[in-house]
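Per my numbering, the very first residue in the sequence shown carries number -6; after that it's consecutive. Ideal placement from N, C-alpha and C gives every residue a C-beta, glycine not left out. Accompanying notes for the structure given below.
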Amino acid sequence: MRSLFFEGINQVGWRDIKEPQVMSDHEVLVQTIAASTCYVDNMIISGKSPFEPPFAIGHESVARIIDKGEAVTEFEIGDVVAVPYHRSCGECPSCSNKKPLNCDSKQTPLIPAYGMPDGENFGGMFTERYRVPYADHALIKIPDGLDPISAVAAGDTLTDAWSTVVPHVRNKPEAKVLITSNAGYGLYAVQWAIAAGAGLVTYVDDDPTRLAVASELGASTVVWVDGIELPPIYDVIVNERQGAESLRLCLLAAAPGAVCENVVIFFEDVPIPIGQMHYSGVTLRSSFCPSRNYMPEVIQDLANGMINPRLVESEIVALEDVPKRFVLPSHKPIVLFEETPE
Ligand SMILES: [Zn+2]
Ligand SMILES: [Zn+2]
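Structure below.
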């Protein structure tokens, strides 16, 4: 069975690994239907993370249940499901307090997540089959009639982008939203912001392809250049662009009382314009997303046609082309593991 491994900087390749099996009564085994990359994969592949190769990568996929433990009662074999990138039990005090990233069942100092070297050996999601523990808690069923591929990122970036935009815009209708990006996440954020009723959505990037997509989705676009400045008018700000300069741009663009969501994982400390922040009173939040908390609402929003995430896809990549195409992954490549997903 094939699984995609990070083998070294700008090197990924398929390995033949042992077939996984259900190991506990609360687990299911799933067959991957489709998988995609997020900006974290780009960081790993390009050597911009502290994670040493080799390990199995991938933490965004939609899948079909093919086997299940005896304690799993909420799902049947054959169900198509969205799978969170993080693993959590759903029952411990942390999970009960809606903090699944701090699940007490974890055996790793890192967030227990797929596609990371976290020592729990669940592997990555660019794989034909994988195990999901605590399945009754973890999984969200894809409703009949919803294209499963549209939910490929529902366990990660699609829901993360929902969480950094939709609740804030609902709190402030007609909000002015600023999104800085250099991956597919920012385009999902554009879609959610417009669908939630933002009054203005400004999208900043340096990639002509993504800028064109953002424009088609309805955003005003600004080309990123070093030293760029924006007026301090934005109520909701999402920084998903690598580098301290983008975070600085975002914080200086805050309107009084704004909220700035930083999505970028900084592995080193970065300076922030704390003096100006004191005047605007901007709230800066920097966090991984506890996706599982928001996935039911996201899947419902997709089923209601609130957005079409497939407009953000950059390409369909054949399995044999993945090692070559993932050296510099495009912003939202889709890898199909089944020829004709239902
Ligand atoms: Zn991710
Ligand atoms: Zn837990």
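Own chain residues within Cβ distance below 6 Å of residue i, not counting five before or after
i      : result
Asp153 : Cys282
Ser87  : Asn95, Cys96 and Asp97
Val291 : Ala147, Thr152 and Trp155
Ser42  : Met36
Glu254 : Thr157, Val231 and Arg278
Gly179 : Ile172 and Glu233
Cys82  : Cys88, Cys96, Ser98 and Tyr127
Val170 : Ala186, Ala191, Val194 and Val229
Val263 : Ala237
Status (buried if at least 16 other CB within 10 Å, exposed otherwise) for residue i
i       : result
Ile300  : buried
Met(-6) : exposed
Lys61   : buried
Phe330  : buried
Pro224  : exposed
Leu204  : buried
Arg122  : buried
Asp34   : buried
Arg57   : buried
Val218  : exposed
Ile142  : buried
Ala144  : buried
Thr25   : buried
Phe319  : buried
Pro302  : buried
Thr150  : buried
Test: residue i CB closer than 7 Å to a CB of chain D
i      : result
Cys282 : Note that chain D does not occur in the displayed structure, where there is just one protein chain.
Best match in the options for proximity to residue i [C-alpha to C-alpha]
i       : options                           : result
Ile59   : Gly40, Val76 and Val23            : Val23
Gln235  : Val197, Phe68 and Val252          : Val197
Ala248  : Tyr272, Arg80 and Arg124          : Tyr272
Asn232  : Lys99, Ile226 and Ala246          : Ala246
Phe(-2) : Ser323, Pro316 and Val328         : Pro316
Val252  : Leu240, Asp262 and Tyr127         : Leu240
Ile104  : Ala212, Arg80 and Asp199          : Arg80
Ala186  : Asp199, Ala176, Ile172 and Gly177 : Ile172
Ser284  : Pro46, Thr25, Gln14 and Glu53     : Glu53
Gln14   : Asn114, Gly1, Asp72 and Pro47     : Asn114
Leu244  : Met270, Val257 and Glu222         : Met270
Val159  : Ala182, Arg303, Val145 and Gly177 : Ala182
Gln184  : Ser213, Asn164, Ile38 and Lys165  : Ser213
Ser39   : Val5, Glu69, Glu261 and Asp294    : Val5
Leu295  : Ala189, Val257, Ile226 and Ile265 : Ala189
Pro322  : Gly177, Pro166 and Glu84          : Gly177
Gly298  : Thr202, Gly211 and Gly138         : Gly138
Distance cut-off 6 Å: residue i Cβ against heavy atoms of ligand 1
i      : result
Asp149 : yes
Cys282 : no
Val291 : no
Val55  : no
Cys31  : yes
Residues near residue i by beta carbon distance below 7 Å, same chain, minus five either side
i      : result
Ala168 : His161, Val162, Ala191, Gly192, Asp228 and Val229
Val125 : Glu20, Val21, Val23, Val76, Ala131 and Leu132
Ile309 : Ile327 and Leu329
Ser17  : Gly62 and Pro126
Residues near residue i in its chain [Cβ-Cβ closer than 8 Å; skip 5 each side]
i      : result
Ile10  : Met(-6), Arg(-5), Ser(-4), Ala49, Gly116 and Thr120
Met288 : Ala75, Pro77, Ile133, Ala147, Gly148 and Thr152
Glu12  : Met(-6) and Arg122
Gly51  : Leu(-3), Ala28, Thr30, Asp34, Tyr107, Gly108, Gly117, Met118, Phe119 and Thr120
Ile221 : Val197, Val215 and Leu242
Asp199 : Asn175, Val216, Trp217 and Val218
Glu45  : Pro110
Any non-hydrogen atom of ligand 2 closer than 6 Å to residue i Cβ
i      : result
Asp97  : yes
Ser17  : no
Ser143 : no
Ser81  : yes
Cys243 : no
Cys340 : Nothing in the structure corresponds to residue 340, since the chain is present only between -6 and 335.
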